[in-house]
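This report refers to the structure that appears directly beneath it.
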Amino acid sequence: MGGYGWISLTTDYGTFDGFVAACHGSIARIAPEVRVIDVTHHVPPADVARGAAVLAQTAPHLPASVHCAVVDPGVGTDRRGIAIGTPDGVLVGPDNGLLVWAAEALGGLATVVELTNPDWFLSGVSRTFHGRDVFAPAAARIAAGAPLADAGPPVDPETVVRLPDPVVTVADGWIESEVMTVDRFGNVQLAAPGDVLAGLGADLLVNGNVRARRGSTFADVDRGDLLVYEDSAGRVAIAVNNGRAVVVLSVRPGDLVRLTPREPA
Amino acid sequence: MGGYGWISLTTDYGTFDGFVAACHGSIARIAPEVRVIDVTHHVPPADVARGAAVLAQTAPHLPASVHCAVVDPGVGTDRRGIAIGTPDGVLVGPDNGLLVWAAEALGGLATVVELTNPDWFLSGVSRTFHGRDVFAPAAARIAAGAPLADAGPPVDPETVVRLPDPVVTVADGWIESEVMTVDRFGNVQLAAPGDVLAGLGADLLVNGNVRARRGSTFADVDRGDLLVYEDSAGRVAIAVNNGRAVVVLSVRPGDLVRLTPREPA
Amino acid sequence: MGGYGWISLTTDYGTFDGFVAACHGSIARIAPEVRVIDVTHHVPPADVARGAAVLAQTAPHLPASVHCAVVDPGVGTDRRGIAIGTPDGVLVGPDNGLLVWAAEALGGLATVVELTNPDWFLSGVSRTFHGRDVFAPAAARIAAGAPLADAGPPVDPETVVRLPDPVVTVADGWIESEVMTVDRFGNVQLAAPGDVLAGLGADLLVNGNVRARRGSTFADVDRGDLLVYEDSAGRVAIAVNNGRAVVVLSVRPGDLVRLTPREPA
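Taken in order, these protein sequences are the chains called U, A and B.
Quick note on numbering: my numbering labels position 105 of the first sequence as 105, and the sequence is numbered without any gaps.
For my numbering, count along the second sequence from 1 and bump the result up by 1000.
For my numbering, count along the third sequence from 1 and bump the result up by 2000.
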C-alpha cells in the first residue's frame, strides 16, 4: 500500500509551548517526506466535542491524509488509542469520541485497530504526552505505508466511543437545534443540516424574540441584521452582517436554539 | 510559463477554526508540490487596511510567490475576485484594496484579471467561504503554471479598488503622519517613509508633549525613553526601549502623529 | 558536509505581524529545499529564559536541525550573534543565553562561531530585525551545507553568555526548586530533574500547605487533586487532574516551590 503524502494535526496543545513542534518532530523523524497541515491547536483544553467538530468539518477539504488528533484528557489511563480506516483517509487518536464525526464525514468507519504495537511508539513513552510519543509516530508510520493491521488488534467499530449526537428537532415550519460551534467571526453554527432550511419561511425568530431573515450570504440582510443561512460546512448557521451573532444571541456550543416563523408585521 | 514554488496566505480567519487548514487543503489538492508560507491569519476581522499593510511589508521578503490574501467582508456580494500580476509575483484575492499596496511593493500592477472561470473554482462554491472555494484554488492553479488569462477577462488596473492613501505631511523640520500599524512589541509605525527622518532634528516631540530622540536601534535611548527610527519595513516608527510605545502614546492605526523639533532644555 | 534538511524557528515575534513569515522567506530564498518547523513564536516579548526553556525541551525531539532562535532585546547593540555546533544539530541566534540550554540538551557546545561574515547576511541589514536579516539567513546557509567556520571567527565556549542556573535544592525527603515553565494546561514544571522524585514520599505538601500525591499520570489522583510527577520533558511537575495547577498554586516561572513530606492523616 502506498501510504499518504499528508498528515493533519488537530490538538488542544496551543502554540505557546513546544508540544506541537515535538509532534512535528516525531513525524519528521519517522516519515520525513510527509507534509503536515495543522488544522488547529487551539481546541479549548480537553474539549473533545469542539475538536471533533472542527476536524469533521475540515478533513473532507484536505487531500487524502492521515488525520492525527489529540484532545485527550484521559491520557495515561486505560482509554484506548485507535486508528480508524475510512474510504478517504485514516484517523489516529484517543478512543474518546474525537475521531468519529470525522470518520463519518470521510465515508465511515471501515476498519478500526487499537494502537498496541510498542514498536510503533517512541521508546520510553511518557505517561502524559501521547501526542508526541504514540499518536504522531503512529500517524507517521501509516503515512509511510505501514498497514493498519500492524498497529495492533482489530477493534469492533460498534465498540468505539461516541459522543452523544447533538439534539436536532425538525418540525413543521420550525426547528430546534443544539449549537455546534461558534467561529472566529461570531457566527453561530447549529448542528442542523442545511437542507432543513427549505422547510422554513423567509422571516424567522431566533429563540422567540430576535428577528432574522433567511438568505445565502451576509449582505442579504442589512448591516446589523441577522441572517439564517447554510454555512460552508453545510449546516444551518446564524450570522449578523458586519457584527457578531454570538453576542446578539448570547449562546454557546451545546445550547439549544429555536428558529420559528415570524408573523408578518 | 513555469508557475511558482510558493504560495503565501494572509487572512483574518484566525487559527481557532479549521478555515486556514481548508485553504491549505484546497492548495494541496490542486498543486501538491507547492509550499505555503503563512503570513498571518490574525488580521482583525474585516480590517482590510491592516491586511494590506502586513502583506505589503512582508511579500517583498518572500521568494517569488502567489500571494493569496482574504480579508473579505464583501464575500458573496458582487465585489470582484481578482488576480494581479506584478514583476515579482502574483496576488490573488478580493478587489477591495487588500492587494494593491503589496502589488506596488512588488513592482506595480502589470496585469489584472477578474476571477470568473468556474473551472478554476471548487465545485459548489459556498457563498461565505471564497478563501477555500475560489481564492486558494485560483492561487494553486497559478502557482501550478496556469496563465492568468485563463482565470477570466482582463481588468483595467485603473478600476481596481484602492484604499485611501494614508495622510503624510512632510514640512520644514516636522512631519505629520497617519499611524500605519502597531506591532507585537508595541512599536508604532507611521506611514511616512524612513527617508523623511533626514529632515528632522535629533531631539523631537511626539504630538507636542512626549520627548523622543532620533536613532537607529532601541538601545540608542535609555530604557523607558522614546526612539524615532526607520523600521525594518523602511518606515518611520516610534519605539520605547524596553517598553511599549503604543501605551505611552495611546494611538492606533489611522490616528495622526506629529513629530516636531524639541527646544534644547 | 551535508547540511541539514530542517530548520526550527523559536521567536517572540507573535503571529499577528508578518515577522515570522519574513524569516520563512529569508530561509526559502537561500535554502528552498529546507523545511521549517515552528517551535513557538509566542515567547513573551524579550523573555529569554522562557525561550531558552521551550527550545531546550523541544529541540531533542526534532530531526537533526539548525535551530534558529530569536528573543533578542539587545538587537542592534554590540551583543554578538553566534552559531553553536553540537553533536546533534546547530543553534543560531543572539549570544544572550537563549541557545545554551538547548545546546546542552543536544550534547554540548562543541564549536561556537561569531556571525560576522557580511556575505551571510541580507544586504542592507536593518538595526531592528536581525531575525530576518541575520539569523534566518545564517541558519539557511548552514542548513544548505556551508561550514560554520565560514560564518565568522571561533568563539571560546567559556565566553558564551549563560543564564543563571535555576535554583534546585535536593535534600533528605524534600526538595526546593525554581519553577521553570507553566504550560498551556496550567501544569507547573520545576527545574528539578525527574529522578529526584525517587527520594520523595507518596504524600506531599506543596509550599507547606497544599496536599499532593506522587504519581505518573493525571488520573492517578482524583479530579481536582494535585499530582506530582515526572513530565514529558523529564522534569518534576505539578498538575491538577482536570484543573489548572498554576491557579491552585499561584506561582510563576522563577518562583520557588518546596515539596515536603505530608504527615499521615
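From the three backbone atoms N, C-alpha and C, an ideal C-beta is built for every residue, glycine too.
Predicted model, so just to flag it, every value in this text is computed and none were measured.
Problem - Residue interval of the beta strand (DSSP E) (run including U:Pro157) - result: Here U:Pro157 belongs to no beta strand (DSSP E), and DSSP marks it neither H nor E.
Problem - is_contact[U:Ser123, chain B] using C-beta, thresh 8 Å - result: At a cut-off of 8 Å between beta carbons, U:Ser123 makes no contact with chain B.
Handout entry: Straight-line Cα distance separating B:Ile2238 from B:Leu2227
Key = If you draw a straight line from the Cα of B:Leu2227 to the Cα of B:Ile2238, it is about 6 Å long.
Exercise for the section: Spatial neighbours of A:Asp1133 within its chain, please: CB distance less than 7 Å, with the 5 preceding and 5 following residues excluded, ordered by chain position. Expected result: Correct list, in chain order: Phe1121, Leu1122, Val1125 and Ser1126.
Practice task
Inspect the beta-carbon positions of B:Ala2144 and B:Val2113 and report whether they are closer than 8 Å.
Solution key: No.
Problem - Proximity of U:Leu148 and U:Ala83 at Cβ, strictly below 8 Å - result: Their beta carbons are under 8 Å apart, which means U:Leu148 touches U:Ala83 by this criterion.
Practice task
To the nearest angstrom, report how far apart B:Met2001 and B:Ala2146 are at their CA atoms.
Solution key: Caution is warranted here: a pLDDT of 48 is assigned to B:Met2001, below 50, making its placement in the model unreliable, and the coordinate value is therefore given only provisionally. As the crow flies, the alpha-carbon of B:Met2001 is around 8 Å from that of B:Ala2146.
Handout entry: chain U contacts from the segment 1009 to 1026 of chain A (Cβ-Cβ distance under 7 Å)
Key = So the close ones are Tyr1013, Gly1014, Thr1015, Phe1016, Asp1017, Gly1018, Ala1021, Ala1022, His1024, Gly1025 and Ser1026.
Handout entry: Continuous beta strand (DSSP E) stretch holding B:Ala2069: start and end
Key = It spans Val2066 to Val2070 - the beta strand (DSSP E) in which B:Ala2069 sits, taken as one unbroken run.
Practice task
Identify, in the order they occur along the chain, each residue of the same chain with its Cβ nearer than 8 Å to the Cβ of B:Gly2097, setting aside the five sequence neighbours on each side.
Solution key: The residues are Val2048, Ala2049, Ala2052, Val2161, Arg2162 and Leu2163.
Exercise for the section: Just tell me which of B:Gly2081, B:Arg2252 and B:Ser2216 has its CA closest to the CA of B:Thr2159. Expected result: In terms of Cα proximity to B:Thr2159, the closest of B:Gly2081, B:Arg2252 and B:Ser2216 is B:Gly2081.
Exercise for the section: Would you decide whether U:Gly18 is buried or exposed? Buried here means 16 or more other CB atoms lie within 10 Å of its CB. Expected result: U:Gly18 should be labelled buried.
Handout entry: chain U within 8 Å of A:Pro1045, Cβ atoms only
Key = Closer than 8 Å: yes.
Exercise for the section: Spell out whether any CB of chain A is found under 8 Å from the CB atom of B:Ala2028. Expected result: Chain A, which has a Cβ nearer than 8 Å to the Cβ of B:Ala2028, makes this yes.
Exercise for the section: Inspect the beta-carbon positions of U:Pro153 and U:Thr116 and report whether they are closer than 8 Å. Expected result: It is a contact, given that the beta carbons lie within the stated cut-off.
Handout entry: Distance, B:Tyr2004 Cα to B:Leu2062 Cα
Key = Rounded to the nearest whole angstrom, the C-alpha separation of B:Leu2062 and B:Tyr2004 is 12 Å.
Exercise for the section: Taking U:Phe129 as the query, report the chain B residues whose CB atoms sit under 9 Å from its CB, ordered along the chain. Expected result: Within chain B, the residues Asp2231, Ser2232 and Ala2233 have their CB atoms less than 9 Å from the CB of U:Phe129, given in chain order.
Practice task
Measuring only between beta-carbons, confirm whether U:Val86 sits less than 8 Å from chain A.
Solution key: The question names Val, but residue 86 of chain U is Thr in the sequence shown. By the rule that beta-carbons nearer than 8 Å mark a contact, U:Thr86 does not touch chain A.
Exercise for the section: Answer yes if the segment 2172 to 2182 of chain B comes into contact with the segment 2031 to 2040 of chain B, meaning at least three C-beta pairs across the two stretches below 8 Å, and no otherwise. Expected result: Not touching, per the Cβ criterion.
Exercise for the section: Report the residues of the segment 78 to 103 of chain U with a CB closer than 7 Å to any CB of chain B, ordered along the chain. Expected result: For the segment 78 to 103 of chain U, which is checked against every Cβ of chain B, not one residue is closer than 7 Å.
Practice task
Determine the chain U residues that contact B:Asn2242 at a beta-carbon separation under 9 Å, and present them in chain order.
Solution key: Ordered by position in chain U, the residues that pass the 9 Å Cβ test against B:Asn2242 are Ala46 and Pro73.
Exercise for the section: Closer than 7 Å, Cβ to Cβ, to anything on chain A: give me those residues from the segment 204 to 225 of chain U, in chain order. Expected result: Residues of the segment 204 to 225 of chain U with a C-beta atom less than 7 Å from some C-beta of chain A are Ser216, Thr217, Phe218 and Ala219, listed in chain order.
Handout entry: Span separating the alpha-carbon of A:Phe1218 from that of A:Asp1183
Key = When rounded, the separation of the alpha-carbon atoms in A:Phe1218 and A:Asp1183 is 15 Å.
Handout entry: Supposed contact pair A:Leu1091 and A:His1130 - C-beta distance, whole angstroms, cut 8 Å
Key = 15 Å between Cβ atoms; not a contact.
Exercise for the section: Step through the CB atoms of chain A and report whether any lies within less than 8 Å of the CB of U:Gly2. Expected result: Judged by the 8 Å Cβ criterion, U:Gly2 is not in contact with chain A.
Problem - For B:Val2100 and B:Asp2156, the rounded distance between their alpha carbons - result: Cα to Cα, B:Asp2156 sits roughly 13 Å from B:Val2100.
Handout entry: Residue nearest to B:Val2257 in terms of C-alpha spacing, selected from B:Cys2023, B:Ala2056 and B:Pro2166
Key = Considering only alpha carbons, the answer is B:Pro2166.
Handout entry: Cβ pair B:Val2071, B:Val2036 closer than 8 Å
Key = Not a contact, by the Cβ cut-off of 8 Å.
Handout entry: chain A contact residues for U:Phe135, given Cβ-Cβ distances below 7 Å
Key = Under the 7 Å cutoff, chain A gives no residues; its nearest Cβ is about 18 Å from U:Phe135.
Practice task
Tell me, please, which residues DSSP counts as bridged to A:Ala1237.
Solution key: According to DSSP, which records beta bridges pairwise, A:Ala1237 is partnered with A:Gln1189 and A:Tyr1229.
Exercise for the section: Spatial neighbours of U:Val206 within its chain, please: CB distance less than 7 Å, with the 5 preceding and 5 following residues excluded, ordered by chain position. Expected result: Counting only Cβ-Cβ distances below 7 Å, and skipping sequence neighbours, we find Ala212, Leu226, Ile238, Leu249, Val257 and Leu259.
Practice task
Run down chain B in chain order and give the residues with a C-beta less than 7 Å from the C-beta of A:Ile1238.
Solution key: What A:Ile1238 touches in chain B: nothing, since even the nearest Cβ is about 12 Å away.
Exercise for the section: Verify the CB distance criterion: does B:Ile2175 have a CB-CB separation below 8 Å to chain U? Expected result: No, B:Ile2175 lies away from the interface with chain U (no Cβ there is under 8 Å from its Cβ).
Exercise for the section: Quick one: grab the DSSP three-state call for U:Pro94. Expected result: In this structure, DSSP gives U:Pro94 an extended state, which the three-state scheme calls strand.
Problem - Within chain U, partners of A:Gly1107 - CB distance below 8 Å - result: Neighbours of A:Gly1107 in chain U, taken as residues whose beta carbon is under 8 Å from its own, are absent, since the nearest beta carbon is some 31 Å off.
Handout entry: Terminal residues of the beta strand (DSSP E) in which B:Ala2212 lies
Key = B:Ala2212 -> beta strand (DSSP E) spans Val2210 to Arg2214.
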